[in-house]
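Protein chains: 2
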Amino acid sequence: MILEMSLRCYPMRVHDLGEHELIKRIIKRLPSPNIGDDCAAVPLGDSYLLITVDGIHEKTDIPKGATLYEIGWYACASTISDIASKGGKPLSILASLFIPEDMSEKDVMSFLKGVDDCASVYGAFLDGGDINYGDSFSADVVGLGIVEKRHYVSRYGARPDDVVIVTGTFGTPSGALSMLQEGLSVPDYVRRKLLMPTPRVRESILLISTGLVTASIDSSDGLYESLRILSECSEVNITIDYERVPKDEWLEATFSEESVFKHVLFGGGEFELVMTARPEIVNYIGRISKLTGTRISVIGKVYEGKGVKILAKGHPLKVSERGWDSFKSQDNRHFRRNGSSSNY
Amino acid sequence: MILEMSLRCYPMRVHDLGEHELIKRIIKRLPSPNIGDDCAAVPLGDSYLLITVDGIHEKTDIPKGATLYEIGWYACASTISDIASKGGKPLSILASLFIPEDMSEKDVMSFLKGVDDCASVYGAFLDGGDINYGDSFSADVVGLGIVEKRHYVSRYGARPDDVVIVTGTFGTPSGALSMLQEGLSVPDYVRRKLLMPTPRVRESILLISTGLVTASIDSSDGLYESLRILSECSEVNITIDYERVPKDEWLEATFSEESVFKHVLFGGGEFELVMTARPEIVNYIGRISKLTGTRISVIGKVYEGKGVKILAKGHPLKVSERGWDSFKSQDNRHFRRNGSSSNY
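Chains as they are written, first to last, in the numbering used here: chain A, 99 to 442; chain R, 99 to 442.
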């Protein structure tokens with residue numbers, strides 16, 4: 099009895115609680131009107147300033163064999179993807195580093211050059227940050243962006259009869275990661291898809307400018323998780339056809355059907371857009387796809403109800419929910435490719 | 099000869115280079131038009147968006163006996179101080195945490211409550227951030243602010259005949275830190291000055307609104323270092339009277355004259371404003387001081403030339419330059435109270 103009480107009174111460890119539950123409790127305890135989406139959205143005149151920060155840690159977020167340059171690019175891309183998913187234009191990037199004493203100047207510079215090169219592609223500069231001591235290498239990349247209020251799209255607006263659209267293909271980064279972690283090699287373009295992803299800034303701005311997009315998120319935590327969040331936030335059912343989810347040839351040629359399924363739905367780290375939109379969006383998709391050179395696909399539809407339904411050959415699949423968690427995951431010591439879809 | 103060559107070719111470790119040299123090299127290698135001051139200043143219409151990030155690490159930045167709540171407040175205050183020193187108004191705060199697995203939920207919440215409470219005082223919210231695994235506890239606090247371009251004051255504008263003005267008193271936080279690190283106790287108000295500082299947002303806005311302030315910085319790295327930076331950036335000589343630098347009674351009653359001198363000039367962590375201004379500013383100081391309840395003092399003057407001259411009883415003192423460095427300092431494993439005056 100006394101043991102039971104003392105166990106109950108013992109302060110909950112973060113490890114026992116898990117990342118998602120911790121975040122829920124933080125938002126409940128410290129509510130802010132600007133929180134609850136991919137970025138904080140801070141009103142300023144007719145615009146929202148979008149601000150977001152993504153941390154990476156050597157022990158949990160960096161795959162075997164990745165260069166510091168690639169990791170810098172990756173961290174910056176994941177931050178910019180959060181801005182892109184809200185229809186925003188990146189304005190500024192900062193990087194704060196925790197550096198172990200024996201790290202070389204060259205590695206520090208490579209990381210920052212990766213951040214800066216990625217920022218430049220999207221019209222922003224690496225505008226500074228902070229330098230700190232660290233036990234091991236970790237870093238935070240901060241992104242600042244802007245979007246007109248009338249073009250801001252949240253996670254909360256999906257409506258019945260909307261279609262579900264996505265950019266790019268799914269599963270390849272996750273498949274590539276599983277091979278790199280085993281010490282296997284992958285083709286160059288596949289490695290690039292994993293480590294130097296291209297956030298969909300222009301695609302998002304063009305799609306949203308139609309006025310037809312109702313909800314949006316990026317797929318950094320995996321397609322299924324992105325759909326789950328949209329469904330939960332908008333209080334709707336989202337049903338997709340697994341066959342209509344675009345996969346590239348390498349993925350299907352390299353993995354078993356079951357592995358492809360796992361990488362496509364749960365892999366994460368693609369930084370593609372996952373959006374719901376009024377059905378008339380289909381009239382614009384071809385042109386936007388041609389303008390940007392990016393594949394855009396309709397993969398499903400929104401219904402009244404709740405949850406996510408995956409149809410394969412017309413039959414609903416039973417999907418056990420799964421997502422990464424910084425603290426609970428068995429894979430804790432590996433690249434977890436998490437933490438970028440939500441601002442908390 | 100071969101040894102010599104291999105030594106020369108061996109990549110420079112951050113530890114050998116030191117923080118200040120590393121930062122110089124980063125800015126040279128990755129230049130941005132928005133970098134080089136307390137915050138990044140990103141132009142937006144008639145305003146600058148001010149963005150800054152400050153990291154703290156359990157092993158180097160947290161004094162003995164400080165609570166997580168206090169550390170959260172401190173980290174947020176140091177970020178807001180960077181915005182304040184440019185005349186900015188805080189808009190949003192984010193906090194990204196690296197959390198060891200055995201940290202308690204309570205400690206995480208205390209830290210974030212400290213950040214949020216400090217943000218609230220200055221009209222901003224804690225608007226989110228990121229949660230990551232860490233070997234030990236570290237965190238980045240991001241600050242976003244805004245200032246009209248005509249009210250933005252950099253480090254680069256000090257001119258001969260300007261006066262040097264400062265807010266508050268100097269040396270007490272540094273004196274308090276040295277006692278806490280020895281396990282000694284200090285009065286409550288002194289502990290608060292160290293751990294829950296009050297960045298000078300309102301004071302800065304009022305002083306700058308006179309149109310007479312020519313250069314500004316906060317004193318987070320120590321008064322001498324702040325003056326040195328202003329002098330170097332503006333290419334002027336700055337001469338101050340040590341006797342005119344305000345010190346509080348506790349400091350002078352507790353320490354030897356020599357220790358007081360050290361804490362006042364090199365201690366840092368006060369988050370006071372150190373400004374240069376046209377001489378007519380003296381007509382406004384009394385009123386602004388009364389409005390804000392904050393002591394504002396003239397401590398010196400700007401001359402043609404270079405460097406910082408400290409006069410004590412009219413005689414120039416020889417000051418050997420000294421500052422904290424995350425990597426080179428002997429005090430590496432103690433609270434170093436650094437990294438907040440510069441965005442890099």
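Beta carbons are placed, not taken as given, at the ideal position from N, Cα and C, and that holds for glycine.
Asked	Found
SER236 of chain A: contacting residues in chain R (beta-carbon distance under 8 Å)	PHE196, ASN230, GLY232 and SER236
Spatial distance of GLY421 of chain R from GLY273 of chain A (CA atoms)	Note on GLY421 of chain R: pLDDT 46, under 50, position unreliable in the model; no value is reported.
Any C-beta of chain A under 8 Å from that of HIS249 of chain R	no
Cα-Cα separation between LEU321 of chain A and GLY365 of chain A, rounded to whole angstroms	8 Å
Neighbouring residues, chain A, relative to MET110 of chain R (Cβ below 9 Å)	SER202, GLU203 and LYS204
Residue-chain proximity (MET294 of chain R, chain A), Cβ-Cβ < 8 Å	no
Residue environment, MET99 of chain A, which counts as buried when at least 16 other CB atoms sit within 10 Å	With a pLDDT of 44 at MET99 of chain A, under the threshold of 50, the predicted position of this residue should be treated as unreliable, though the coordinate-derived value follows. Counting Cβ neighbours within 10 Å, MET99 of chain A comes out exposed, since fewer than 16 surround it.
Three-state secondary structure (DSSP) of ASN436 of chain A	Bear in mind that the predicted position of ASN436 of chain A carries a pLDDT of just 47, short of 50, making it unreliable; the figure below should be weighed with that in mind. In the structure shown, ASN436 of chain A sits in coil (DSSP, three-state: anything other than H, G, I, E or B).
Beta-ladder partner(s) of PHE223 of chain A, from DSSP	A:SER190
CB contact flag (THR177 of chain A, VAL245 of chain A, <8 Å)	no
Buried or exposed (CB count within 10 angstroms, at least 16 for buried), LYS184 of chain R	buried
C-alpha gap between ALA164 of chain A and MET110 of chain R, whole angstroms	21 Å
Spatial neighbours of TYR382 of chain R in its chain, beta-carbon cut-off 6 Å, leaving aside the 5 residues before and after	THR308
Interfacial residues, the segment 164-186 of chain A to chain R, with Cβ spacing under 9 Å	none
For THR265 of chain R: DSSP bridge partner residues	R:ILE394
LEU292 of chain R classed as buried or exposed, judged by whether at least 16 other C-beta atoms fall within 10 angstroms	buried
For ASP152 of chain A, the three-state DSSP class (helix, strand or coil)	strand
Beta-carbon proximity of LYS416 of chain R to VAL299 of chain R, cut-off 8 Å	no
Chain A contact for HIS413 of chain R (CB, 8 Å cutoff)	no
Within-8 Å CB hit, TYR254 of chain A to chain R	no
Cα-Cα separation between GLU117 of chain A and TRP171 of chain R, rounded to whole angstroms	23 Å
Pick from R:ILE306, R:VAL396, R:GLY281 and R:VAL284 that is closest to LYS247 of chain R, judged by C-alpha positions	R:ILE306
Cα-Cα separation, ASP286 of chain R to GLU368 of chain A	52 Å
8 Å contact criterion, which VAL288 of chain R and THR267 of chain R should meet: CB distance rounded	Wrong, their Cβ atoms sit about 11 Å apart, outside the cutoff.
Chain-ordered chain A contacts of LYS157 of chain R [CB-CB under 8 Å]	TYR231 and ASP233
Contacting residues, own chain, Cβ-Cβ under 6 Å from ILE154 of chain A (five flanking each side not counted)	ALA173 and ALA237
Burial state of SER354 of chain R (16 or more Cβ within 10 Å)	exposed
Own chain residues within Cβ distance below 6 Å of TRP348 of chain R, not counting five before or after	VAL288
Neighbour flag for GLY403 of chain A against chain R, beta carbons, 8 Å	no
Chain-order list of residues whose beta-carbon lies under 7 Å from that of ASP339 of chain R (same chain, five-residue window excluded)	ILE397, GLY398 and LEU409
Cutoff 8 Å: TYR220 of chain A Cβ touching any chain R Cβ	no
Bridge partners - ILE124 of chain R, DSSP secondary structure assignment	In the DSSP output, where bridge partners are listed per residue, ILE124 of chain R has none listed.
Segment limits, beta strand (DSSP E) that includes ALA410 of chain R	406-410
Opening and closing residue of the alpha helix (DSSP H) in which PRO141 of chain R lies	PRO141 of chain R -> not in any alpha helix (DSSP H); beta strand (DSSP E) instead, spanning 138-142.
Cutoff 8 Å: ILE121 of chain A Cβ touching any chain R Cβ	yes
Listed by chain order, chain A residues near LYS211 of chain R by CB distance under 9 Å	ARG127 and LEU128
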